[in-house]
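J.:
Residue numbers (the working numbering), protein chains in the order written: chain X, 4 to 567; chain D, 6 to 347.
1) Are three or more beta carbon pairs between the region 142 to 159 of chain X and the region 218 to 234 of chain X nearer than 8 Å?
2) Measuring alpha carbon to alpha carbon, tell me which residue in X/66, X/534 and X/453 is nearest residue 491 of chain X.
3) Give me the chain D residues within the contact set of residue 52 of chain X, using Cβ-Cβ distance strictly less than 8 Å, ordered along the chain.
4) Please check the pair residue 534 of chain X and residue 324 of chain X, which I expect to be a contact at CB under 8 Å, by giving their CB distance rounded to whole angstroms.
5) Put residue 298 of chain D into one of helix, strand or coil per three-state DSSP.
6) Closer than 9 Å, Cβ to any Cβ of chain X: which residues of the region 192 to 214 of chain D, in chain order?
7) Report the three-state DSSP secondary structure of residue 200 of chain D (helix, strand or coil).
8) On the criterion of 16 or more Cβ atoms from any shown chain inside 10 Å, does residue 224 of chain D qualify as buried, or is it exposed?
9) Straight-line CA distance for residue 316 of chain D to residue 556 of chain X?
10) Less than 7 Å between the beta carbons of residue 281 of chain D and residue 256 of chain D, yes or no?
11) Could you tell me whether the Cβ atoms of residue 126 of chain X and residue 120 of chain X are closer together than 7 Å?
12) Counting contacts by CB-CB distance shorter than 7 Å, is residue 461 of chain X in contact with chain D?
13) I'd like to know whether the C-beta of residue 142 of chain D is nearer than 7 Å to at least one C-beta of chain X.
14) Check whether the region 391 to 406 of chain X and the region 435 to 445 of chain X are in contact - that is, three or more C-beta pairs closer than 8 Å.
15) Let me confirm a value: residue 548 of chain X is counted as buried when at least 16 other C-beta atoms fall within 10 Å, else exposed. Which label applies?
16) Please state whether DSSP places residue 373 of chain X in a helix, a strand or coil.
17) On a Cα-Cα basis, can you pick out the residue from X/211, X/113 and X/112 that is closest to residue 72 of chain X?
18) Beta-carbon within less than 6 Å of residue 215 of chain D's beta-carbon, same chain only, minus the 5 sequence neighbours each way: which residues are those?
19) Please list, in chain order, all residues of the same chain as residue 267 of chain X whose beta carbon is under 6 Å from its beta carbon, the five residues on each side excluded.
20) Taking the alpha carbon of residue 33 of chain X as the reference point, which residue from X/86, X/185, X/316 and X/401 has its own alpha carbon closest?
21) Under the rule that 16 or more other beta-carbon atoms within 10 Å means buried, what is residue 138 of chain X, buried or exposed?
22) Looking only at its chain, what residues have a beta carbon closer than 6 Å to the beta carbon of residue 203 of chain X, apart from the 5 residues adjacent to it on each side?
23) Whole angstroms is fine: what's the gap from residue 524 of chain X's alpha carbon to residue 201 of chain X's?
24) Taking C-alpha atoms, which residue in X/185, X/44 and X/163 lies nearest to residue 76 of chain X?
25) Cβ closer than 8 Å: which chain D residues qualify as neighbours of residue 479 of chain X?
26) Would you list, in chain order, the members of the region 53 to 66 of chain D that have their beta-carbon closer than 7 Å to a beta-carbon of chain X?
27) What residues in the region 106 to 124 of chain D bring their beta carbon closer than 7 Å to a beta carbon of chain X?
28) Please determine, among X/542, X/39 and X/484, the residue with the shortest C-alpha to C-alpha distance to residue 251 of chain X.
29) If I follow the unbroken beta strand (DSSP E) through residue 225 of chain D, where does it start and stop?
30) Using a Cβ-Cβ distance under 7 Å, would residue 83 of chain D count as near chain X?
31) In whole angstroms, give me the CA-to-CA distance for residue 328 of chain D and residue 311 of chain D.
32) Taking the beta carbon of residue 22 of chain X as the centre, do at least 16 other beta carbons fall within 10 Å, making it buried, or is it exposed?
33) Would you verify that the beta carbon of residue 77 of chain D is, or is not, closer than 7 Å to some beta carbon of chain X?
34) By DSSP, does residue 32 of chain X sit in helix, in strand, or in coil?
35) How big is the Cα-Cα spacing for residue 83 of chain X and residue 305 of chain X?
36) Could you tell me which of X/26, X/367 and X/476 sits nearest to residue 495 of chain X, measuring between CA atoms?
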């Protein structure tokens, strides 16, 4: 007779151990190791030495100022866009929303390259239209202000999403009640809508700040040439000049980043927890303000914002990729596809990078899916009090800036793995493990929301039909969460393919990724090659976002990150 | 097959509070059709889920014949109980066709080919859905989905069939049709069936035995006729039929079935007897020329008759039927032909 002690649970006993082991290796082990080394080196006096280095304080100062001004820019841009797009009767909302979300999915180093191509004396675009500043004049983006501006462009979508989610949940009847009380549109906006959307603003700003603090691509391209270092780029240069104290130093520096991020995330969590009033009242159709004659103006403003933050930089990027050589003016006659030929067919390094990024991302996306289907199933179905704790632990590696995790994994794998005695440091495997850890939460989220939507009786019916766990998994569970699983694979692939921060720290000869290749091409002065590679990456990003956009109707709410 | 025995079954959830199921003992004979009746939150669904194996009892045991299915220490998992269930939400798998849904238990048991096809065919024929074998559940109406769920139960000849408020999501018309289908299904399959419902009419119409539960406890188990005629206690009396419960100085009488003469006699010598609860059914209240005075407090036209609420002299409320129209506030005389001391 089959008897078990599983207390009516649908889960086999090994599932809990599996989830604990997964979360231990992807989250607890690396972060614990980082904390341990950080604390122990702080006690051994490493901290005093590091903290007496003025360069560190300069980096902290620069990180804070760029992130703060970047956050302000993101709030103005993203907040304004969200208010205009959500509250007013402008046309083309879907297209505008999609285009506005694009910059956040484009890798930061590509954004930086595109903006460099748009400004400064060597801009192929400005030269082609005869507006380039004279040679020798400085590139205006190589500055604190330039970094902050691009932080703003890159992270405005985060504020946009956070605010838009809040605005869409605004009780329409509350607004109508205010109208009936005699309030004008302006008064309704000032007295009802802005106060109610304040949490969305604050939460969006906090997320944008955290994202700025951890950004590597933008300060690496804009800051390093002007000797401006933020904490992530400082860690990068410390690794480049590897010395005996490096591990202690970088663990302390990433500890600093982690602390800044945790402060930001705490603010966000606090603010959102207080947002209970959104359940009051019916929320439905939102477009509550009619702009009348001003509608055209509003639409122009929105499209102008898209034009400046997206179309112009991308045009500049394309122009740079088509320019024949540094300094030669771009005309229809001189335009050439040589750069594309070079990166696609001639350069072994870019081909390797393509291969590495695609295999790494595919392996991560598909490998993680296997893990997350089981983990998500456990987290949703388990009644254990440990489940919320495990769920939070799974989130942490993605919430923290990638550089923190990369450093943590180096600390874990710098020495050969105990027992088997193999060292994976410097191989592609350490990048793969870092990706698993970093994007675990990305992969988990769509799967978990699909499980939450699944009626448990569908599985109970299968149990009574006699199907054991493995059978239910293949016949019932997996087919039913398949759309979300598909979205999870595309999402992880998209993010992993574009990632630079983790691989910039972890790569070595032969294991460079696309992000690293773009950065290195720019660093070595092959700006047109870097631009060509970037254009290819942007095309790939847009294609995958469109696929997800088309799938969106069949997916649970919240799976596609730019739709709310 | 054998009889299903619940032996002092209890279930307390970790969240605390009173136990969801408290010391329930029950025997369902082989081939019986038991209705578990009670208001929502009374623990009837928890009992069902324990029988299915989705919950483990915290005390007591469940036996099928002499095979122990579950006790506080161990349990047989649902996969190995040979039971079937019709869920309130039907729980049809949306990615499979009707035939695949019905045939899934066979597939899991390794039945293949022609034999499986034939069994699916039979099961679908039993619920008159042969023509829908290749449809998806999403293309079916509520009643059809219900019948697919039933066919899925039918296909493996389970020892016990569990039904969790299967008619709750259907409209009134469809309910009657489905009740007929369930009865037919029970006769044909001879399976032991347990049917959870909060609708007493449904329980009476379908079951061979009715078990009434309230706040986790079992109040009474009997045949529908018995439970209607001889309910035990206020809760059962209030739940079964549309009777009114009034206080009457009837505690001293031996006989629990009281006629008008006895009732009147008790009123006269009321000082000598303690008050007790008696159940008065509306069809036993007759508006007559003579009898007790009462005042009409509400009138509801039901088509074939009027349903009245009457206030007695001491403001206790009775229900009654009347063929003639009456008005709110009218004074009438009534005779209580029969009452049951609870």
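Here a beta-carbon is modelled for each residue, glycine too, at the ideal position from N, C-alpha and C.
T.: According to the data block:
1) yes
2) Position 488 of the first chain, counted from the first residue, corresponds to residue 491 of chain X. With distances taken between Cα atoms, residue 491 of chain X lies closest to X/453.
3) Position 49 of the first chain holds residue 52 of chain X. Those within 8 Å of residue 52 of chain X in chain D number zero; the least Cβ separation is about 52 Å.
4) Translated into positions along the first chain, residue 534 of chain X becomes position 531. Translated into positions along the first chain, residue 324 of chain X becomes position 321. At roughly 4 Å, the Cβ-Cβ gap stays under 8 Å, so residue 534 of chain X and residue 324 of chain X are in contact.
5) Along the second chain, read from residue 1 onward, the residue named residue 298 of chain D stands at position 293. Correct three-state label for residue 298 of chain D: strand.
6) none
7) What you label residue 200 of chain D is simply residue 195 of the second chain in a count that begins at 1. Here residue 200 of chain D sits in strand by DSSP.
8) Here residue 224 of chain D is taken as the residue at index 219 of the second chain, counted from 1. By the 10 Å Cβ count, residue 224 of chain D comes out buried.
9) Against the second chain, residue 316 of chain D aligns to sequence position 311. Against the first chain, residue 556 of chain X aligns to sequence position 553. Rounded to the nearest angstrom, the two C-alpha atoms are 59 Å apart.
10) The sequence position of residue 281 of chain D within the second chain is 276, counting from 1. The sequence position of residue 256 of chain D within the second chain is 251, counting from 1. Yes, they are a contact pair.
11) Translated into the one-based positions of the first chain, residue 126 of chain X becomes position 123. Translated into the one-based positions of the first chain, residue 120 of chain X becomes position 117. It is a contact, given that the beta carbons lie within the stated cut-off.
12) As a working mapping, residue 461 of chain X is identified with position 458 in the first chain. True, the Cβ-Cβ gap to chain D drops below 7 Å.
13) For this step, residue 142 of chain D is matched to residue 137 along the second chain. Chain X, which has no Cβ nearer than 7 Å to the Cβ of residue 142 of chain D, makes this no.
14) yes
15) As a first step, residue 548 of chain X must be located in the first chain, where it is residue number 545. Label assigned to residue 548 of chain X: buried.
16) For this step, residue 373 of chain X is matched to residue 370 along the first chain. Three-state result, residue 373 of chain X: helix.
17) Stepping through the first chain from its first residue, residue 72 of chain X is reached at position 69. When only C-alpha atoms are compared, the closest one is X/211.
18) The residue you call residue 215 of chain D lines up with position 210 of the second chain. Closer than 6 Å at Cβ, skipping near neighbours: 40, 42, 208, 229 and 232.
19) Your numbering for residue 267 of chain X matches position 264 in the first chain. Once the five neighbours on either side are set aside, the close Cβ partners of residue 267 of chain X are 209, 212 and 213.
20) Here residue 33 of chain X is taken as the residue at index 30 of the first chain, counted from 1. Out of X/86, X/185, X/316 and X/401, X/401 has the C-alpha closest to the C-alpha of residue 33 of chain X.
21) For this step, residue 138 of chain X is matched to residue 135 along the first chain. Exposed is the call here.
22) Counting from 1 along the first chain, the entry for residue 203 of chain X is found at position 200. Here the set comprises 165, 166 and 169.
23) For this step, residue 524 of chain X is matched to residue 521 along the first chain. For this step, residue 201 of chain X is matched to residue 198 along the first chain. Rounded to the nearest angstrom, the two C-alpha atoms are 43 Å apart.
24) On the first chain, position 73 is the one that residue 76 of chain X refers to. Nearest C-alpha to residue 76 of chain X: X/163.
25) By 1-based counting over the first chain, the position of residue 479 of chain X is 476. Those within 8 Å of residue 479 of chain X in chain D are 98.
26) 57, 58, 59, 60 and 61
27) 109, 110, 113 and 114
28) Locating residue 251 of chain X in the first chain gives position 248, where the first residue counts as 1. Closest option to residue 251 of chain X, Cα to Cα, is X/39.
29) Position 220 of the second chain holds residue 225 of chain D. Element bounds for residue 225 of chain D: 222 to 227.
30) Indexing the second chain from 1 puts residue 83 of chain D at position 78. True, the Cβ-Cβ gap to chain X drops below 7 Å.
31) Counting from one through the second chain, the residue named residue 328 of chain D turns up at place 323. Counting from one through the second chain, the residue named residue 311 of chain D turns up at place 306. Distance between the alpha carbons of residue 328 of chain D and residue 311 of chain D: 6 Å.
32) Residue numbering aside, residue 22 of chain X sits at position 19 when the first chain is read from its first letter. Under this definition residue 22 of chain X is a buried residue.
33) Counted from its first residue, the second chain places residue 77 of chain D at position 72. Residue 77 of chain D does not count as touching chain X.
34) Counting from 1 along the first chain, the entry for residue 32 of chain X is found at position 29. Three-state result, residue 32 of chain X: helix.
35) Start at 1 with the first residue of the first chain, and residue 83 of chain X comes out as number 80. Start at 1 with the first residue of the first chain, and residue 305 of chain X comes out as number 302. Distance between the alpha carbons of residue 83 of chain X and residue 305 of chain X is about 9 Å.
36) Against the first chain, residue 495 of chain X aligns to sequence position 492. Per the Cα distances, X/367.
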